[in-house]
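*Asks:* The structure is given below, and queries will be raised subsequently.
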Amino acid sequence: MTRNSLNEFDPESAMIDAELLVKYRMINRAVDALERAIDTMPRHIGLREKLREILIDAGRRDQAAQQCLALASLHISAGDLERANERLLEAKKLDPRVSVTGPLRDTRGGHAPTSSSPPSMQPQKVLSGNLCDVNLFDIVQIVENGRLTGSLLITSTAATGEIYFNEGQIVGSKVGSESGTNALAHLLGAEDGSFEFGKSAREFDRTIQATSNTALILDMLRAKDEESQGLGALDF
Numbered sequence: 064m065t066r067n068s069l070n071e072f073d074p075e076s077a078m079i080d081a082e083l084l085v086k087y088r089m090i091n092r093a094v095d096a097l098e099r100a101i102d103t104m105p106r107h108i109g110l111r112e113k114l115r116e117i118l119i120d121a122g123r124r125d126q127a128a129q130q131c132l133a134l135a136s137l138h139i140s141a142g143d144l145e146r147a148n149e150r151l152l153e154a155k156k157l158d159p160r161v162s163v164t165g166p167l168r169d170t171r172g173g174h175a176p177t178s179s180s181p182p183s184m185q186p187q188k189v190l191s192g193n194l195c196d197v198n199l200f201d202i203v204q205i206v207e208n209g210r211l212t213g214s215l216l217i218t219s220t221a222a223t224g225e226i227y228f229n230e231g232q233i234v235g236s237k238v239g240s241e242s243g244t245n246a247l248a249h250l251l252g253a254e255d256g257s258f259e260f261g262k263s264a265r266e267f268d269r270t271i272q273a274t275s276n277t278a279l280i281l282d283m284l285r286a287k288d289e290e291s292q293g294l295g296a297l298d299f
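Residue numbers (this note's numbering): 64 to 299.
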């Protein structure tokens, strides 16, 4: 760790030192140096990006995935959701075992203006990817943790439709001519295909009543499981 004075830490010098150590194949020392630097400045994106690069080059995919998750959290806090999405997908590719929800639990995004009328502005795409890389439940958690208002478009062999969010809370869904919980039930079976979330400047009308996204989805999954076992359909 490099300091210009007792109270001033220089992250640029720490990254240069790490590059020098890597050049002479002292990977462990480079990683240790960056980790000590990050302990001093845990929200410094440059330090974490440099550590991520070194870990990937060294084949330490699980550790690199954790840095990707930390970076995604920082990018969401900074409002850069496109970069956050890139790091989330990279984390899943580096280590499929990681959960994208934990490190993002304390992040908060911007709040959208309140309105009872349908959004009139074109949604701004901020998240997109493949459902084979990130499952639908994780995507819902990301939107909830960011308190985002917008629509999640799902294109899958199971169904194609949208889920609507107001400040991270599921308030509606539409698949073809169906809407509300019936439409959402179709989308919960999506395991392949693509997703795309677009932010909206205005909130959506509520057609789904729920106090918790997790409770809503778990109740619907239980009902779907009971129906598949021949116990009859459940009225949501």
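Just so you know, even glycine gets a beta-carbon here, dropped at the ideal spot from N, CA and C.
Suppose you measure from the CA of S140 to the CA of L132; what does that come to, to the nearest Å?
*Replies:* Each residue's alpha carbon lies about 13 Å from the other.
*Asks:* Along the chain, where does the alpha helix (DSSP H) containing I202 start, and where does it finish?
*Replies:* Unbroken alpha helix (DSSP H) run through I202: 199-208.
*Asks:* Rounded to whole angstroms, what is the Cα-Cα separation between L215 and L84?
*Replies:* For L215 and L84, the distance between alpha carbons rounds to 45 Å.
*Asks:* With DSSP as the reference, label I271 as helix, strand or coil.
*Replies:* Correct three-state label for I271: coil.
*Asks:* Which value, in whole angstroms, describes the spacing of the CA atoms of E290 and Y227?
*Replies:* Cα to Cα, E290 sits roughly 25 Å from Y227.
*Asks:* Buried or exposed: which applies to N208, given that a residue is buried once 16 or more other Cβ atoms fall within 10 Å of its Cβ?
*Replies:* It is buried - the Cβ of N208 has at least 16 other Cβ atoms within 10 Å.
*Asks:* Thinking C-alpha only, which one of H138, V94, L247, V238 is nearest R106?
*Replies:* Measuring from the Cα of R106, the nearest candidate turns out to be H138.
*Asks:* Please state if the CB of V234 and the CB of H249 are separated by a distance shorter than 8 Å.
*Replies:* No.
*Asks:* What are the partner residues of E75, as DSSP defines its beta bridges?
*Replies:* Its beta-bridge partners do not exist; DSSP assigns none.
*Asks:* If I'm right that L134 touches R115 with Cβ under 8 Å, what's the distance once you round it to whole angstroms?
*Replies:* At roughly 7 Å, the Cβ-Cβ gap stays under 8 Å, so L134 and R115 are in contact.
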